[in-house]
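J.:
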Amino acid sequence: YCNGGSIWNLMQSHGYQLSVDVAVPIILQALDGLEYAHNAEIPYVKKADGSLSMGRGLVHRDIKPANIFLNNIDNSTVVKIADYGLAKAFDLAGLSGQTITGNKGGTFPFMPRQQMIDFKYVKPEVDVWAMAATLYNMLTGVYPRDFVGKDPILTVLQTKPVPIRQRNLSIPKSLAEVIDLALIDEPEIYFKTAKEFKQALLSYQHFP
3 YCNGGSIWNL MQSHGYQLSV DVAVPIILQA LDGLEYAHNA EIPYVKKADG SLSMGRGLVH
63 RDIKPANIFL NNIDNSTVVK IADYGLAKAF DLAGLSGQTI TGNKGGTFPF MPRQQMIDFK
123 YVKPEVDVWA MAATLYNMLT GVYPRDFVGK DPILTVLQTK PVPIRQRNLS IPKSLAEVID
183 LALIDEPEIY FKTAKEFKQA LLSYQHFP
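Each residue of the sequence shown is one higher than the last, beginning at 3 in my numbering.
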């Protein structure tokens, strides 16, 4: 139980758009949680042949505002990532029997191209991209890609995210540059780790 609800609940109560001062600290904490999950040792991962093995690093594969929760304790907010139902030990990708080949699990607006193309074999960087998409959504109230009236699969595969300052000009240019970089997914995802994205977010504050 998290008494602050989810980021999505927070967005609903603030007109679906949060300030930089509210959104960025939440994402910085969430990135710490993501970094931990991506490097955690996972015991007893069942492989396709039925045997058990030690795995390392969980890829969540469904990071979005509704899956990040806030717990308010003693005037401070603790951020928690929930719903690991689609998670997978990435170093055993292709060896685990837990995921159906071709399954397009996840939520389209928060999926990079790589996850759409090959859901089963995705790496931690897809979560980093989704965290950037979550921050974009928090700051603008809309998704990085324009899905209105379009096929969602083709939209993910064939269109690029809209630069964030085209959605909200009040976002500082230095922060916008970091978010736009984090949402690059062609030919590959720009930030490979949660730590890289966090460091970039921290650095923006020094370049107004």
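Here a beta-carbon is modelled for each residue, glycine too, at the ideal position from N, C-alpha and C.
Quick caveat, the model's predicted, so the values are computed rather than measured.
How would you write the range of the beta strand (DSSP E) that residue 70 sits in, first residue to last?
T.: Here the beta strand (DSSP E) through residue 70 covers 70-75.
J.: What residue range is occupied by the uninterrupted beta strand (DSSP E) comprising residue 161?
T.: From DSSP, residue 161 is part of no beta strand (DSSP E); its letter is neither H nor E.
J.: Measure how close the beta-carbons of residue 182 and residue 154 come, nearest whole angstrom, since I'm counting them as under 8 Å.
T.: No, residue 182 and residue 154 are not in contact; Cβ-Cβ is about 22 Å, not under 8 Å.
J.: What residue range does the alpha helix (DSSP H) around residue 24 cover?
T.: Run containing residue 24: 22-41, per the alpha helix (DSSP H) assignment.
J.: Could you check where the alpha helix (DSSP H) with residue 180 kicks off and where it finishes?
T.: Residue 180 -> alpha helix (DSSP H) spans 175-184.
J.: Could you tell me the alpha carbon to alpha carbon distance between residue 73 and residue 67, rounded to whole angstroms?
T.: Their backbone Cα atoms lie some 14 Å apart in a straight line.
J.: Buried or exposed: where does residue 23 fall if 16 or more other Cβ atoms within 10 Å of its Cβ makes it buried?
T.: Exposed: under 16 other Cβ atoms inside 10 Å.
J.: Quickly, what does DSSP pair residue 79 with across the bridge? List them, please.
T.: Answer is 74.
J.: Can you pull the DSSP bridge partners for residue 2?
T.: Lying before the first or after the last residue shown, residue 2 is absent from the chain, which here runs from 3 to 210.
J.: For residue 118 and residue 9, which I take to be in contact (beta-carbon distance under 8 Å), what is that distance rounded to the nearest angstrom?
T.: That belief does not hold up - the Cβ atoms of residue 118 and residue 9 are roughly 23 Å apart, past 8 Å.
J.: Counting C-beta neighbours from all protein chains within 10 Å, is the total for residue 171 16 or more, i.e. buried, or is it exposed?
T.: It counts as exposed.
J.: Residue 151 and residue 81 look like a contact to me (Cβ under 8 Å); what is the Cβ gap, rounded to whole Å?
T.: Rounded, the Cβ-Cβ distance is 34 Å, inconsistent with contact.
J.: What residue from 190, 206, 200, 195 has the CA that sits closest to residue 61's CA?
T.: Among 190, 206, 200, 195, the Cα nearest to that of residue 61 is on 195.
J.: Please confirm whether residue 199 and residue 124 have their CB atoms less than 8 Å apart.
T.: Not a contact, by the Cβ cut-off of 8 Å.
J.: Compare the Cα-Cα distances from residue 187 to each of 137, 127, 148 and report the closest residue.
T.: Checked all of 137, 127, 148; the closest Cα to residue 187 is 127.
J.: Leaving aside the five residues before and after residue 103 along the sequence, list all residues of the same chain whose C-beta is less than 6 Å from its C-beta, in chain order.
T.: Residue confidence for residue 103 is low, a pLDDT of 33 falling below 50, so the modelled location carries little weight; the figure read from the coordinates is stated next. The answer, listed in chain order, is 122.
J.: Can you name the start and end residues of the alpha helix (DSSP H) that residue 205 belongs to?
T.: 196-206 is the extent of the alpha helix (DSSP H) around residue 205.
J.: In whole angstroms, what separates the C-alpha of residue 206 from that of residue 173?
T.: Their Cα atoms are separated by approximately 12 Å.
J.: With 16 other CB atoms within 10 Å as the buried threshold, where does residue 189 fall?
T.: So residue 189 ends up on the exposed side.
J.: Using three-state DSSP, classify residue 191 as helix, strand or coil.
T.: The answer is coil: DSSP assigns residue 191 none of H, G, I, E or B.
J.: Does residue 136 come within less than 8 Å of chain B when only Cβ atoms are used?
T.: Annotation note: the requested chain B is absent from the structure, which comprises a single protein chain.
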